[in-house]
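Undergrad: Below: one structure in structure tokens.
Protein chains: 2
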Amino acid sequence: MDSVQGRASCVAPTASARVRLRPLDPTAVRILGGLLGERQRINREVTLLRGAEELERAGTLENLRIAAGRSEGTRRGMVFSDSDVYKWLEALAWETAREPDGELERLASETTELVASAQQPDGYLNSYWHHDGREPWSDLEMGHELYCAGHLIQAGIAAGRTGSPRLLDVARGFADLLVDAFGSEADRRTDGHPEVEVALVELYRETADRRYLELADKLVGRRGFGFFAEGRFDLPYYQDVEPVRESRSIVGHAVRALYLAAGVTDLYAETGDRTLLTAMLSQWDDLVSTKAYLTGGIGSRHYDESIGDPYELPPDRAYCETCAAIASIMWNWRLLLVTGESRFADLLERTLYNGFLAGLSIDGRSFFYANPLQTRSGHTRHAWNPVACCPPNIMRLLASLHHYLATTSDGGVQLHQYATSTIRALVPAAGTVDLAVDTGYPWSGSVTVEVVACGDAEWTLSLRVPEWARGAVVDGRPVAPGYAELKRRWRPGDRIVLELDVSPRLTAPNPRIDAVRGCLAVERGPVVYCFEVADLPEGANLADVGLQSEAKPVDSGPLAALGGFPGVSVAGVVRDLGRWGDIEYVDVRELPRDGAAAPLPLLAVPYFAWANRGGTGMRVWVPGSG
Amino acid sequence: MDSVQGRASCVAPTASARVRLRPLDPTAVRILGGLLGERQRINREVTLLRGAEELERAGTLENLRIAAGRSEGTRRGMVFSDSDVYKWLEALAWETAREPDGELERLASETTELVASAQQPDGYLNSYWHHDGREPWSDLEMGHELYCAGHLIQAGIAAGRTGSPRLLDVARGFADLLVDAFGSEADRRTDGHPEVEVALVELYRETADRRYLELADKLVGRRGFGFFAEGRFDLPYYQDVEPVRESRSIVGHAVRALYLAAGVTDLYAETGDRTLLTAMLSQWDDLVSTKAYLTGGIGSRHYDESIGDPYELPPDRAYCETCAAIASIMWNWRLLLVTGESRFADLLERTLYNGFLAGLSIDGRSFFYANPLQTRSGHTRHAWNPVACCPPNIMRLLASLHHYLATTSDGGVQLHQYATSTIRALVPAAGTVDLAVDTGYPWSGSVTVEVVACGDAEWTLSLRVPEWARGAVVDGRPVAPGYAELKRRWRPGDRIVLELDVSPRLTAPNPRIDAVRGCLAVERGPVVYCFEVADLPEGANLADVGLQSEAKPVDSGPLAALGGFPGVSVAGVVRDLGRWGDIEYVDVRELPRDGAAAPLPLLAVPYFAWANRGGTGMRVWVPGSG
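Protein chains in written order, with my numbering: chain Z, 1 to 626; chain C, 627 to 1252.
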């Protein structure tokens, strides 16, 4: 029954997989509103359609027509631009399964036929490598062929699981070619950009064809032996610095690291090779203790898009690519399924509401690639990007957000993310359970769960109490962060209320994080806040603003200009640095004395909603003023 | 007489140039020892010869042979690699003029013939654009053709001024082609990488051919109208964001900005166009108040090698390319000549002893390209680099260091940098003046200047009192930073002693520099110090070290492992962050309390000498501990 249950989800472990929790069938989960529901609606009504326009405008669809021989012309765009189409097709599959839509289905169907027509008879498919007689597999370092194949496979699986097998057939044709091309034991090759691994494991799950699982295992096992030693970047960039099973820290290009980690975690789930899980848990510990931003964003360096050293977390030059946030959500979801531990759902939530949602404007029309936590000179969203990996990646995650709300185990149902929703779960011990969740989360911390239908047997309803929650209460009983487990013989009509305190709070960083030492940030429930120049009084300089650690931030009511999201008021100061003048550095014996700091009431807004009123200065971390 | 005096110097303003100070003839200036003398010796005996080996090993010389038709094969290396040869030839010219050397002269002569043989009949010369039938001027954005031409011209001028006209003829042949190719009024083109401008002004000075000056003026005037709007990088990167004459801030790629600034300053000197000087002085103010590192290093971002926003000065991700330090020294020297103001000699000194000297290992055998002020995971010098712009740039500056010591004006001699040296200057009002300088500078602050010979007329000896000097004394008289001017009728045998207090001191940054807020650095005279892991007791973590603002740093005697340079002892602490454990961020209401900080005597070493004992952790800025 388990394997049936989650079959239509983006991640569907086999019946024998080493998982503690299992995804639900997302066709029986529905987000009915609130912040996440609104984001899904905008994605459906605006962003996915913009995707079609922009993929056309950028030549990305035309590239496939040229490859198919349907059009003359010169290929345009990045070497990996086909993957933009695949991610968008994946999004269309999840979205039209969520709710049918003639236009979106037509786009999916036409584009699927276009993709199929560009496939070569042997299964090969890549418009860049088709073009000008380029030799396939001749640039595994930067060519992104297996990366693109991975996204094709994921899109094919999404289409297949939502009732359209055509793209899955195409993907399988390419996957079979990959098995032939890369499957020999003697082969030492792998791809510079991981992504195909997670796709191949899922294709195994979808088809029960072990060759895909075995290829994923081989590709993972070949890393760490210096195949990319002559590359333009260093070995960590290619996830080639040490064997995956021996790795204990997470390094290199953030998206490459995180897609690989998702695949390796899936590989553990299906093979039971615990050396893989040990490596992944170690990498995760390394990440959350020294390399993750407060927003869940990952990637501290622009130059090589890498994670950087421990505690190297500059807010201004944070890279925090939107794709890295998505990859982190993918990885944390898989770790949650494998372990059942709330810390993975916690990081998933932090990333979802901050590092991820910041990547899309409120109106769903423009995007961020990098998501810094501070900007002095501005940082504006763009309608698309020559490197367009992020926009369709955002679309596919938004279209599948409801996959991530809840899971089942043998004995119950677990709610991980809270949104007003209806949820149907098959609990092995208790049959079909229907739940109705009602909440204003994340703005309100009150979550009501009603059991609408269930069988007679005892089962456990587990509610995640986030790591940031203090004084949480379920049904009048105090509960600590983790899962509040309510085991009982439930009856239709039973209601449980979880009360989380989402009142604003101040957060401090580890003193070893040099770049924000002595600073404070405002958080409210799972949402990180920030300060924008747009909210300062005329003439005030964001560089001179300070926050008092004893300040008590409070809700300031809905922000009309920002989607009605609640603002936070906090007492700040503006320092008088006038005596510094043009002095950049000074002998401590001649330190200019600051003038008296003037009180300044400050307004903080949700970080994910920043840069929706122009790209002026912003900061999440503000110096403490004593 | 003026124009004769500095004729053999790297910068030689014409007789009519708007300069307050004039360079000396460097053949009559000699650094006899000390830190700078030792660096010149190592350059001569080690680094220049390594240059020959590495230019051969990298294929850079072979590229010219291929271009000359003397060799078969495929061109290797960067598009601009010819400029590595030119900078090295410039270094050989200055060095062999300083002191003849058969081997270095043979290398210069042979390589000059090689360069000449690669020149096309029309004067064109570039091994990259020769190759494979590439079309000249077809990629002004990144092709570096005029950049390479600029370095050829500078090398030719150096050769010409030191008695070897062959390379100057070659350079002039190319310059004439540039005049033809880019000189029309209607032409809107310029080069993505400034450098040719400073070379063309100097070529005008050398040849009195105004066409070169006019071309420099045109190339400068064409910037700022979006010629590079379709480029891979933004307009500031190409110094194309606004007309130079209107610019007030310094932005974009650091080396491009600074080479351009040097050329624009020279252009002002020869044309008297004050809009150029106004722009340069404004850019300089912007630089020193918000964009320069304590080391004089410039360039805050790796990704596009750019200067970054005001106060964006991360110590760990500082780019501070060695070439940017050299370009800054070039610019400051020109501003000093134009204005006579000590602040430019001050920044030149700060850059020379820190941001520049750090680029070369003590043994003269390995190089830094980027010069960060902090590293957590290490940063090792390399024997050469695929992008080899810095090593030969270091060589040409070291070979010409004595050009930068002193100047003359109508009424006297000015000493700007202090080294044990002999200096001959022609003072218009007083004839030939011979000086002998004796000092242990920068380690000692005592500088003795003896007048060895001079005429009978009154003249002024000006001694720079650096901006960092407090309580300086000349001849028993207190003097403030700036120039101490001693006007008198000097007699041979007169001695003057300048006493500068070089005792170690603590320095604080402007509070707007987010990345080092609350930190302190150690300086000693013009030398910035740093802390290396190699000097910490076993088990101490550099991340947890703090400095007390009331600590009194003191000399700790010569560092045997680091060239005998003096170390500095300062009382520090090591913080006990044990209770933080793996916590990355925390609610302020649950802040872990630090354990008691333990006293820790710290040793600081000269920043320029870091990473000579392996590439372990280092930091210049250390958190203040109260």
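Heads up, the beta-carbon is just placed ideally off N, CA and C, and yes, glycines get one too.
#1: Give me the Cα-Cα distance between Z/Ser569 and Z/Arg593, rounded to the nearest whole angstrom.
#2: Z/Pro315 to C/Ser635, Cα distance in whole Å?
#3: Can you tell me the Cα-Cα spacing of Z/Ala345 and Z/His416, whole angstroms?
#4: Please report the distance separating the alpha-carbon of C/Leu1203 from that of Z/Leu348.
#5: Run through chain Z and tell me which residues come within less than 8 Å of C/Leu1217, C-beta to C-beta.
#6: Under the three-state reduction of DSSP, which class applies to C/Tyr929: helix, strand or coil?
#7: If you follow the alpha helix (DSSP H) that C/Gly889 is in, where does it begin and where does it stop?
#8: Of all Cβ atoms in chain B, is any one closer than 8 Å to the Cβ of Z/Leu520?
#9: Does the beta-carbon of C/Val1039, which I'm using as the reference point, lie nearer than 7 Å to any heavy atom of the ligand PLP?
#10: If you compare alpha carbons, which of C/Ser697, C/Val645 and C/Arg724 is closest to C/Ser1047?
#11: Which residue marks the beginning of the alpha helix (DSSP H) containing C/Trp714, and which one marks its end?
#12: Terminal residues of the continuous alpha helix (DSSP H) containing Z/Ile250?
#13: From what residue to what residue does the alpha helix (DSSP H) around Z/Asp475 run?
#14: When burial is assigned at 16 or more other CB atoms within 10 Å of the CB, is C/Asn958 buried or exposed?
#15: Under a CB-based cut-off of 8 Å, is C/Arg1007 close to chain Z?
#16: Run through chain Z and tell me which residues come within less than 9 Å of C/Ile933, C-beta to C-beta.
#17: Checking contacts by CB at 8 Å: is Z/Val622 closer than that to chain C?
#18: Under 8 Å by Cβ, that's how I've got C/Cys946 and C/Tyr919 pegged, so tell me the actual separation to the nearest angstrom.
#19: Helix, strand or coil: how does DSSP classify C/Ser987 here?
#20: Do you know how far the Cα of C/Val1153 is from the Cα of Z/Gly308?
#21: List the residues of chain Z whose Cβ lies closer than 9 Å to the Cβ of C/Ser915, in chain order.
#22: DSSP three-state call for C/Phe982: helix, strand or coil?
#23: Tell me whether Z/Arg22 sits in a helix, a strand or coil according to DSSP, three-state version.
#24: Strictly below 7 Å CB to CB, what residues from chain Z border C/Glu938?
#25: Using the three-state DSSP reduction, which class does C/Ser915 fall into: helix, strand or coil?
#26: Here's the rule I'm using: 16 or more other beta-carbon atoms within 10 Å means buried, otherwise exposed. How should Z/Pro26 be labelled?
#27: Buried or exposed, going by whether 16 or more other CB atoms sit within 10 Å of the CB of Z/Asp2?
#28: Are any of the Cβ atoms in chain C nearer than 8 Å to that of Z/Val588?
#29: Step through the CB atoms of chain C and report whether any lies within less than 8 Å of the CB of Z/Met1.
#30: Compare the C-beta of C/Leu681 with all C-beta atoms of chain Z and state if any pair is closer than 8 Å.
#31: Give me the chain C residues within the contact set of Z/Tyr418, using Cβ-Cβ distance strictly less than 7 Å, ordered along the chain.
#32: Using DSSP with H/G/I as helix, E/B as strand and the rest coil, what is C/Gly818?
#33: Tell me where the alpha helix (DSSP H) around Z/Pro310 begins and ends.
#34: Step through the CB atoms of chain Z and report whether any lies within less than 8 Å of the CB of C/Ala1141.
#35: Label Z/Ala480 either buried or exposed according to how many other C-beta atoms from any shown protein chain fall within 10 Å of its C-beta, with 16 as the threshold for buried.
TA: Considering the structure as presented:
#1: 29 Å
#2: 46 Å
#3: 6 Å
#4: 28 Å
#5: Ala508
#6: coil
#7: Ala880 to Thr897
#8: Absent from the structure is chain B; the protein chains it does hold are Z and C.
#9: The ligand PLP is absent from the structure shown, which contains no ligand whatsoever.
#10: C/Arg724
#11: Asp708 to Arg724
#12: Counting along the chain, Z/Ile250 falls outside any alpha helix (DSSP H), and DSSP gives it neither H nor E.
#13: No alpha helix (DSSP H) holds Z/Asp475; DSSP gives it neither H nor E.
#14: buried
#15: no
#16: Chain Z residues near C/Ile933: none, gap ~12 Å exceeds 9 Å.
#17: no
#18: 6 Å
#19: coil
#20: 29 Å
#21: Gly581, Asp582, Ile583 and Glu584
#22: helix
#23: strand
#24: Asp316 and Arg376
#25: helix
#26: buried
#27: Low local confidence applies: a pLDDT of 41 at Z/Asp2 is under 50, so the model's placement there is unreliable, and no value is given.
#28: yes
#29: Model confidence at Z/Met1 stands at a pLDDT of 36, short of 50, so the residue's coordinates are unreliable and nothing is read from them.
#30: no
#31: Those do not exist, as Z/Tyr418 stays about 20 Å from chain C at its closest Cβ, beyond 7 Å.
#32: coil
#33: Z/Pro310 -> no alpha helix (DSSP H), and no H or E assigned at all.
#34: yes
#35: exposed
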